[in-house]
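Structure first, commentary second.
Residue numbers (my numbering): 43 to 348.
Quick look at the structure:
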């Protein structure tokens with residue numbers, strides 16, 4: 043397998059996006075979303091998505107020049123209309139809007155809809171944490187997950203993400219995961235490699251357990267992580283991400299084909315001094331890293347560490 047440099051992949055990605063009519067500033071945001079996902083080992087949200095993005099542009103499902111805008115702002119809340127443009131561009135605006143409102147009010151909630159796939163959710167809460175804010179994000183997606191006890195696609199994969207400032211010299215602490223047992227993009231990666239997936243992640247169209255990614259794309263369904271627990275969390279994402287954003291819950295006849303997104307930002311300094319927060323966060327994460335590993339583990343890692 044050839045090894046590509048970040049610079050080479052970035053240049054090709056930007057070239058494709060701009061030749062498809064994306065303004066340079068927007069192309070940079072989308073490219074950063076894609077390449078950034080690869081760099082943190084989330085290939086499912088990386089440049090492998092570029093061909094599908096190009097197909098969506100050609101089909102008119104992404105308007106590359108669309109300008110997202112704040113259409114409603116009340117107190118510490120705002121709503122962003124993506125105008126069916128790039129998801130990462132709309133999500134970036136929603137993130138910066140949440141940060142700006144939280145600076146004033148201490149906490150802010152911003153919703154986003156009518157945009158294409160927003161990419162890796164953790165990137166947006168990481169931006170909040172880098173600015174000294176705690177962040178929570180969630181979004182729904184197209185129906186792909188069966189509810190606990192069912193076999194029909196109703197829920198989206200519905201990721202949730204959390205982030206907080208790390209230690210004084212540390213990266214933000216970010217947790218980002220789908221409420222399904224695996225993100226749909228991970229199935230794409232496995233199928234492209236000719237690999238099977240772990241048991242308990244998907245069922246085929248008849249509801250039988252499967253480890254073959256193709257069975258999902260032939261009408262099967264993903265399963266929620268942790269059974270009823272992931273199901274319950276995924277349901278709340280539909281209500282808070284889907285309905286609050288006006289995108290609607292997945293699988294309903296009038297639901298928009300978009301990521302209904304809710305972003306929450308909290309200014310840490312409205313609760314405790316930032317240096318006190320980061321000092322305790324650093325001490326606690328070091329305590330975890332230095333704790334005794336289980337059998338067959340060399341070290342206890344933090345979420346997201348390789």
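For every residue, glycine included, the Cβ atom is placed at its ideal position computed from N, Cα and C.
For residue i: DSSP bridge partner residues
i	result
residue 248	Beta-bridge pairing links residue 248 to no other residue.
residue 94	DSSP output for residue 94 lists no bridge partner at all.
residue 205	177 and 216
residue 264	187 and 244
residue 14	It is not possible to answer for residue 14, since the shown part of the chain is limited to 43 through 348.
residue 121	114 and 153
residue 222	266
Run of the alpha helix (DSSP H) containing residue i, from where it starts to where it stops
i	result
residue 111	Taken as a continuous stretch (DSSP letters only), residue 111 belongs to no alpha helix (DSSP H), being part of the beta strand (DSSP E) at 111 to 116.
residue 274	270 to 279
residue 75	66 to 81
residue 257	255 to 259
residue 319	316 to 331
residue 350	Nothing about residue 350 can be read from this structure; the chain reaches only from 43 to 348.
Beta-carbon gap between residue i and residue j smaller than 8 Å
i	j	result
residue 187	residue 179	no
residue 370	residue 140	Look at the range of the chain in this structure, 43 to 348, and you will see that residue 370 is not part of it.
residue 122	residue 152	yes
residue 76	residue 88	yes
residue 96	residue 58	yes
residue 292	residue 182	yes
residue 106	residue 64	yes
residue 316	residue 207	yes
residue 120	residue 309	no
residue 86	residue 195	no
residue 270	residue 190	yes
Bounding residues of the beta strand (DSSP E) (the contiguous stretch that carries residue i)
i	result
residue 306	303 to 309
Cβ of residue i within 8 Å of any chain D Cβ
i	result
residue 312	Included in the structure is just one protein chain, with no chain D present.
Contiguous alpha helix (DSSP H) assignments of at least 4 residues, all confined to the segment 152 to 200: 164 to 172
contact_flag[the segment 294 to 303, the segment 124 to 136] where n(CB pairs < 8 Å) is 3 or more: yes
Given 8 Å, three or more beta-carbon pairs between the segment 218 to 235 and the segment 190 to 204: yes
The segment 235 to 246 / the segment 262 to 277 touching (three or more Cβ pairs under 8 Å): yes
Any 3 or more C-beta pairs closer than 8 Å across the segment 167 to 176 and the segment 273 to 283: no
The segment 210 to 220 / the segment 318 to 330 touching (three or more Cβ pairs under 8 Å): yes
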